[in-house]
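Student:
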Amino acid sequence: MNYQFTIIVPIYNEEDNLERLEKELTGYISNTKTATKVLLINDGSGDRSQELIEVICQRNEAFHFLQFAENRGLSAAIKAGFDHVDTPLLGYMDSDLQTSPEDFNLLLEHIGEYDLVTGVRANRKDSFVKNMSSLIANKIRRTFTHDGMDDTGCPLKVIKTEYAKRIPMFKGLHRFLPAMILLQNGKIVQIPVRHFPRTAGEAKFGLWNRLIGPLMDCFAYLWMKRKYINYTIAKKG
Numbered sequence: 001m002n003y004q005f006t007i008i009v010p011i012y013n014e015e016d017n018l019e020r021l022e023k024e025l026t027g028y029i030s031n032t033k034t035a036t037k038v039l040l041i042n043d044g045s046g047d048r049s050q051e052l053i054e055v056i057c058q059r060n061e062a063f064h065f066l067q068f069a070e071n072r073g074l075s076a077a078i079k080a081g082f083d084h085v086d087t088p089l090l091g092y093m094d095s096d097l098q099t100s101p102e103d104f105n106l107l108l109e110h111i112g113e114y115d116l117v118t119g120v121r122a123n124r125k126d127s128f129v130k131n132m133s134s135l136i137a138n139k140i141r142r143t144f145t146h147d148g149m150d151d152t153g154c155p156l157k158v159i160k161t162e163y164a165k166r167i168p169m170f171k172g173l174h175r176f177l178p179a180m181i182l183l184q185n186g187k188i189v190q191i192p193v194r195h196f197p198r199t200a201g202e203a204k205f206g207l208w209n210r211l212i213g214p215l216m217d218c219f220a221y222l223w224m225k226r227k228y229i230n231y232t233i234a235k236k237g
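Structure representation (structure tokens):
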């Protein structure tokens, strides 16, 4: 099949969510007009996630996986996905299914005009502490990056692969994907998407890495912005 879109799904100790993840993704693939495949990235899980991932990939032709030798974190998993995608478009979502793959269709409607389309979670179904920490973290990030995005933590994005592959990822930079597209003179937009409560597994981020971590990453981003190399070829012979 001539695939046009790859959905990257980082996975870390999500054995209780994988059966439902398979069901949601296969349902989406069978109904979308965009030929889609899935890349599951096991970030060194210590539970039965890898065993289940391999079973899922064996029974679904459009599913593939990468397994890390050890846990390296969300940014590393996303970077590995960017490195291995071979379709013109890529998407990213979390395995906890707090967002629905069906909403990729909302984002894909805009990707022709833009280089990154990110979801913004409407009516979030998280705790008060989680919502407030995310709100503060996003305000801090916007102050540093001026990217205009309200919710870069939303795990539902579509990016043109040529832009994604040029992003110099480092730990924590997954929060700055829109800003890194802007550094390439790309165009970005945010679109409201649905949000659901987590029904299985445990959240991987707490108060520390929602507030202090992003603040430290902002300084790393500013350094990256000053050092970033960007050029356009005018003519080649």
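Using UniProt numbering, you'd call the opening residue of the sequence shown number 1 and step up by one each time. Quick reminder that beta carbons are idealized off the backbone N, C-alpha and C, glycines included.
Could you check the C-alpha separation between residue 224 and residue 180 for me, to the nearest Å?
Tutor: Position 224 of the sequence shown, counted from the first residue, corresponds to residue 224. Position 180 of the sequence shown, counted from the first residue, corresponds to residue 180. Distance between the alpha carbons of residue 224 and residue 180 is about 9 Å.
Student: Return the chain-ordered list of same chain residues with a C-beta closer than 8 Å to the C-beta of residue 73, the five sequence neighbours on each side being excluded.
Tutor: Residue numbering aside, residue 73 sits at position 73 when the sequence shown is read from its first letter. The answer, listed in chain order, is 43 and 171.
Student: Exposed or buried, residue 219, counting other C-beta atoms within 10 Å across all chains shown (16 or more means buried)?
Tutor: By 1-based counting over the sequence shown, the position of residue 219 is 219. Counting Cβ neighbours within 10 Å, residue 219 comes out exposed, since fewer than 16 surround it.
Student: From this set, 88, 47, 81 and 19, which residue's C-alpha is nearest residue 57's C-alpha?
Tutor: Locating residue 57 in the sequence shown gives position 57, counting from the first residue. Checked all of 88, 47, 81 and 19; the closest Cα to residue 57 is 19.
Student: For residue 56, does the three-state DSSP call read helix, strand or coil?
Tutor: Reading the sequence shown from its first residue, position 56 is the one you call residue 56. The answer is helix: DSSP assigns residue 56 an H, G or I state.
Student: How would you label residue 48, buried or exposed, when you count the other beta carbons within 10 angstroms and need 16 or more for buried?
Tutor: Translated into positions along the sequence shown, residue 48 becomes position 48. Exposed: under 16 other Cβ atoms inside 10 Å.
Student: Report all residues from its chain with a CB closer than 8 Å to the CB of residue 80; omit the five preceding and five following residues, and keep chain order.
Tutor: The residue given as residue 80 occupies position 80 in the sequence shown. Correct list, in chain order: 41, 66 and 68.
Student: Here's a check: name, in chain order, each residue in its chain whose Cβ is nearer than 8 Å to the Cβ of residue 163, leaving out the five neighbours to either side.
Tutor: Along the sequence shown, read from residue 1 onward, the residue named residue 163 stands at position 163. Correct list, in chain order: 115, 116, 181, 184 and 186.
Student: What span of residues does the beta strand (DSSP E) with residue 91 cover, start to end?
Tutor: The residue labelled residue 91 in the question sits at position 91 within the sequence shown. 89-93 is the extent of the beta strand (DSSP E) around residue 91.
Student: Measuring from the CB of residue 78, is there a heavy atom of the ligand COA at a distance below 7 Å?
Tutor: Although the ligand COA was asked about, the structure shown includes no ligands whatsoever.
Student: Whole angstroms are fine: how far does the CA of residue 217 sit from the CA of residue 173?
Tutor: For the purposes of this step, residue 173 is taken as the residue at position 173 of the sequence shown. For the purposes of this step, residue 217 is taken as the residue at position 217 of the sequence shown. Going by the C-alpha atoms only, they are around 7 Å apart.
Student: Would you check if the distance between the CB atom of residue 85 and the CB atom of residue 26 is smaller than 8 Å?
Tutor: Counting from 1 along the sequence shown, the entry for residue 85 is found at position 85. Counting from 1 along the sequence shown, the entry for residue 26 is found at position 26. No.
Student: Where does the unbroken beta strand (DSSP E) through residue 5 begin, and where does it stop?
Tutor: In the sequence shown, counting from the first residue as 1, residue 5 sits at position 5. Looking at the DSSP string, the run of the beta strand (DSSP E) that includes residue 5 is 5-11.
Student: Where does residue 76 land, buried or exposed, given buried means 16+ other C-beta within 10 angstroms?
Tutor: Within the sequence shown, residue 76 is the residue found at index 76, counting from 1. By the neighbour-count rule (16 or more Cβ atoms within 10 Å), residue 76 is buried.
Student: Thinking just about the alpha-carbon of each residue, which of 236, 2, 121 and 165 is nearest to the one in residue 93?
Tutor: Counted from its first residue, the sequence shown places residue 93 at position 93. The residue with the shortest Cα to Cα distance from residue 93 is 121.
Student: Can you give the Cα-Cα distance for residue 155 and residue 13, rounded to whole angstroms?
Tutor: By 1-based counting over the sequence shown, the position of residue 155 is 155. By 1-based counting over the sequence shown, the position of residue 13 is 13. Spanning the two alpha carbons is a distance of roughly 17 Å.
Student: Figure out for me which residue from 4, 61, 45 and 46 has the closest Cα to the Cα of residue 22.
Tutor: Taking the first residue of the sequence shown as position 1, residue 22 is located at position 22. Checked all of 4, 61, 45 and 46; the closest Cα to residue 22 is 61.
Student: Given residue 64, which residues of its chain have a CB within under 8 Å of its CB, disregarding the five upstream and five downstream residues?
Tutor: Within the sequence shown, numbered from 1, the residue matching residue 64 stands at position 64. Contacts found: 37, 38, 39, 40 and 57.
Student: Helix, strand or coil, according to DSSP, for residue 235 in the structure here?
Tutor: Residue 235 sits at position 235 when you count from the first residue of the sequence shown. Coil, per DSSP.
Student: If you drop the 5 nearest sequence neighbours on each side, which residues of the same chain put their C-beta closer than 8 Å to that of residue 89?
Tutor: Residue mapping note: residue 89 aligns to position 89 of the sequence shown, counting from 1. Result list for residue 89: 4, 5, 6, 34, 108, 111, 158, 159, 160 and 161, in chain order.
Student: Looking only at C-alpha atoms, which of 222, 232, 196 and 189 sits nearest to residue 102?
Tutor: Counted from its first residue, the sequence shown places residue 102 at position 102. It is 196 whose Cα lies nearest to the Cα of residue 102.
Student: Please classify residue 100 as buried or exposed, where buried requires at least 16 other C-beta atoms within 10 Å of its C-beta.
Tutor: Working through the sequence shown from its first residue, we reach residue 100 at position 100. Answer is buried; the Cβ neighbour count reaches 16.
Student: Would a C-beta distance cut-off of 8 Å place residue 169 and residue 78 closer than the cut-off?
Tutor: Reading the sequence shown from its first residue, position 169 is the one you call residue 169. Reading the sequence shown from its first residue, position 78 is the one you call residue 78. The answer is yes: Cβ separation under 8 Å.
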